[in-house]
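Numbering (numbering that gives the first Met the number 0), first residue to last: 0 to 486.
Inspection log for the structure reproduced underneath, given as structure tokens.
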Amino acid sequence: MTGRSAEIVDSEICVVGGGPAGLSAALAARRAGAQVVLLDLFDRPGGQYFMQPPHPVSGLAAAQVGQGRALIGKVRDSGVVIRSGVEVFGADGAGTLLARQGERALVVRAKALVLATGAHERTSPFPGWTLPGVMNPGAAQRLVKMHGITPGKRVVLAGCGPFLLVVAAQLHHAGCEVVRVVEASPSPLRLAATLLRFPSRWAEAAGLLRAVAPLWSRFRFGRVVAEAMGEGHVNRVRFAFLDGEGRLGADDPETIDDIDALLVGYGFRPSVEIATLLGCSLRHDWNAGGHHVAIDEASGATSVPGVFAAGEITGVAGAYPALAGGARAGAAAARFVGRPAGHSPPSYAGRADRFAKALRRAFRVPYAALGQLPDAETLLCRCEEVRATDVAAALQDGGCDAHGVKMWTRAGMGLCQGRICGFGLSVYAAQRAGLDPASFGANAARFPARPAPLDILAEATAAAIAAPQGNLADESRGGLSGSASRD
Ligand SMILES: Cc1cc2nc3c(=O)[nH]c(=O)nc-3n(C[C@H](O)[C@H](O)[C@H](O)COP(=O)(O)OP(=O)(O)OC[C@H]3O[C@@H](n4cnc5c(N)ncnc54)[C@H](O)[C@@H]3O)c2cc1C
Numbered sequence: 000m001t002g003r004s005a006e007i008v009d010s011e012i013c014v015v016g017g018g019p020a021g022l023s024a025a026l027a028a029r030r031a032g033a034q035v036v037l038l039d040l041f042d043r044p045g046g047q048y049f050m051q052p053p054h055p056v057s058g059l060a061a062a063q064v065g066q067g068r069a070l071i072g073k074v075r076d077s078g079v080v081i082r083s084g085v086e087v088f089g090a091d092g093a094g095t096l097l098a099r100q101g102e103r104a105l106v107v108r109a110k111a112l113v114l115a116t117g118a119h120e121r122t123s124p125f126p127g128w129t130l131p132g133v134m135n136p137g138a139a140q141r142l143v144k145m146h147g148i149t150p151g152k153r154v155v156l157a158g159c160g161p162f163l164l165v166v167a168a169q170l171h172h173a174g175c176e177v178v179r180v181v182e183a184s185p186s187p188l189r190l191a192a193t194l195l196r197f198p199s200r201w202a203e204a205a206g207l208l209r210a211v212a213p214l215w216s217r218f219r220f221g222r223v224v225a226e227a228m229g230e231g232h233v234n235r236v237r238f239a240f241l242d243g244e245g246r247l248g249a250d251d252p253e254t255i256d257d258i259d260a261l262l263v264g265y266g267f268r269p270s271v272e273i274a275t276l277l278g279c280s281l282r283h284d285w286n287a288g289g290h291h292v293a294i295d296e297a298s299g300a301t302s303v304p305g306v307f308a309a310g311e312i313t314g315v316a317g318a319y320p321a322l323a324g325g326a327r328a329g330a331a332a333a334r335f336v337g338r339p340a341g342h343s344p345p346s347y348a349g350r351a352d353r354f355a356k357a358l359r360r361a362f363r364v365p366y367a368a369l370g371q372l373p374d375a376e377t378l379l380c381r382c383e384e385v386r387a388t389d390v391a392a393a394l395q396d397g398g399c400d401a402h403g404v405k406m407w408t409r410a411g412m413g414l415c416q417g418r419i420c421g422f423g424l425s426v427y428a429a430q431r432a433g434l435d436p437a438s439f440g441a442n443a444a445r446f447p448a449r450p451a452p453l454d455i456l457a458e459a460t461a462a463a464i465a466a467p468q469g470n471l472a473d474e475s476r477g478g479l480s481g482s483a484s485r486d
């Protein structure tokens, strides 16, 4: 222990996550008269869709940045206390959150929580995936958007979903040579058919398609990355075709050499760690990104009284459903703390949900093929250095679900708590053991859900034990025990 003490923050409502869902929830709750503090991991609010670069941006991202800036301005003006750079790593069922802001421990006590922690990229292992230069498309996007740095000159993008188009356009705009865009879906026709059904999205889609038009001849469909190669850094990639069943087919004879970066992503997975620590029930739906927080659609209420959730954490659907879900959850959280909100959901909510569902059907993730990709030596869990052969042995010895394999091998027990490896483990184990990947289960994150130095853990835990009151369970207080503090 350092002798420092944790900062205690009391607020009626605490929103975790400053993306579209969290911002919208905070605004709705504040407009209903509730006192609101919003915590966000990043240096600036906005989350993924409304990411706020420190410099002017042009191209596709400009409109999103502007829209986000306007929303953040409204949230600040409404009196919501926004605390950026705050990473929540612990939570108890009574509504106390343990967090860090730089070198300082933080304990946040609220009467209602809104979880809007978004999603992270769905990564799947293949031989060579740990080589430097292999990364997620979102990492490359962040490098370009926030820091003006490209991941390299010659770049290959691969995976599944419309996000590949977005990143391809952004990298092209930033001056990269996008050599190939390899999409697992069999053809662009499904995307075209989906778009035709939603005229309200034609302008947005036209903008994106215009931005990727110069790259159209570089697109290939119905295949996946089979192997990344290089000495100390990726410089070569080969692909495999998918068969009609979504399993690995023949090798694609084409290999691509002299690349600087290989960006591979298969869509997004809900970031459910904090919700799991709080005991919120999860549901599974591959089309919604896998395990996500189960909510009452009308209010965003989770299975834990006083805990609400919105946005991608409740199922991957995109920014507009996240905004609508945030408004519903924020208003419901305000009602929960006794601040009745005259709230009506934004009119685009139903349409946005339908569009998101149609897009998910258009871009099906090839689970079976991804489970076939690792060879015996491929690392499935990078934090604990667990290879495919170790997981295969655990399955043979009787490990029959995510928890069993974790106990046998430590896979999913490291710093990422399964965020990076969870998906790859389940698809690999499923194809080895002939299971449905969903029935393999998910590794529940344990405290601390995110890495934190021991002194911060100790300070936050000691402060939470010393001052446990002031949260969901304590309805008798009826008012505030303190005020949300500003930096
Ligand atoms: C890497 C990535 C890039 C994306 N880029 C695009 C894009 O360009 N275009 C597009 O249409 N969609 C994009 N998406 C999809 C995007 O998730 C949604 O469109 C939209 O941003 C969802 O809003 P949200 O509020 O649910 O989540 P997000 O916008 O992801 O916001 C979640 C917020 O929660 C915070 N958070 C998470 N865990 C913690 C914690 N433990 N403590 C404190 N704060 C925490 C994060 O810092 C983040 O700011 C991207 C998704 C990802 C994962």
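Think of the CB as a built atom: it goes at the ideal place given N, C-alpha and C, for glycine as much as any other residue.
Residue i classed as buried or exposed, judged by whether at least 16 other C-beta atoms fall within 10 angstroms
i	result
Glu102	exposed
Gly147	exposed
Gly72	exposed
Trp128	buried
Gly481	Bear in mind that the predicted position of Gly481 carries a pLDDT of just 31, short of 50, making it unreliable; the figure below should be weighed with that in mind. Burial call: exposed.
Arg30	buried
Gln416	buried
Ser475	Caution is warranted here: a pLDDT of 35 is assigned to Ser475, below 50, making its placement in the model unreliable, and no coordinate value can be reported.
Gln508	Absent from the structure is residue 508, since the part of the chain shown begins at 0 and ends at 486.
His54	exposed
Met50	buried
Ile464	exposed
Arg449	buried
Pro436	buried
Thr496	The structure shown does not extend to residue 496, since the chain spans only 0 to 486, so no value can be given for it.
Met406	exposed
Asp486	Unreliable positioning characterises Asp486 in this predicted model, as indicated by a pLDDT of 28, which lies under 50. The coordinate reading is nonetheless provided below. Classification of Asp486: exposed, given that the 10 Å Cβ count is below 16.
Ser216	exposed
Residue i CB to nearest heavy atom of ligand 1 below 8 Å
i	result
Phe197	no
Gln47	yes
Leu38	yes
Gln63	yes
Ile148	no
Asn490	Outside the shown range of the chain (0 to 486) lies residue 490, about which nothing can therefore be said.
Thr122	no
Thr116	yes
Phe362	no
His290	no
Gln371	no
Pro51	Reading off the sequence shown, one finds Gln at residue 51, where the question assumed Pro. False, no ligand heavy atom lies under 8 Å from that Cβ.
Gln100	no
Val180	no
Gln416	no
Gly317	yes
Gly231	no
Ala104	no
Pro452	no
Phe238	no
Glu376	no
His171	no
CB contact flag (residue i, residue j, <9 Å)
i	j	result
Asp259	Gly137	no
Gln369	Ser123	What sits at residue 369 in the sequence shown is Leu, not Gln. Closer than 9 Å, so yes.
Arg268	Phe422	yes
Ser21	Gly325	A small correction: the amino acid at residue 21 is Gly; Ser does not occupy that position in the sequence shown. Against a cut-off of 9 Å, the Cβ pair of Gly325 and Gly21 comes out as a contact.
Pro161	Ala227	no
Val177	Leu214	yes
Arg99	Pro373	no
Leu112	Gly84	no
Leu38	Gly17	yes
Gly117	Gly310	yes
Asn286	Asp257	no
Leu26	Val80	no
Ile294	Ala328	yes
Leu130	Gly229	yes
Limits of the alpha helix (DSSP H) - the one that residue i falls within
i	result
Met50	Here Met50 belongs to no alpha helix (DSSP H), and DSSP marks it neither H nor E.
His146	136 to 146
His402	401 to 408
Phe422	421 to 432
First through last residue of the beta strand (DSSP E) which encompasses residue i
i	result
Thr95	95 to 100
Met412	Unbroken run through Met412: none, as it is neither H nor E.
His171	Not the beta strand (DSSP E): His171 falls in the alpha helix (DSSP H), residues 161 to 172.
Any chain B beta carbon closer than 9 Å to residue i
i	result
Arg445	This model lacks chain B altogether, as it is built from one protein chain only.
Any non-hydrogen atom of ligand 3 within 8 Å of residue i CB
i	result
Arg449	Ligand 3 is absent from the structure shown, which contains only ligand 1.
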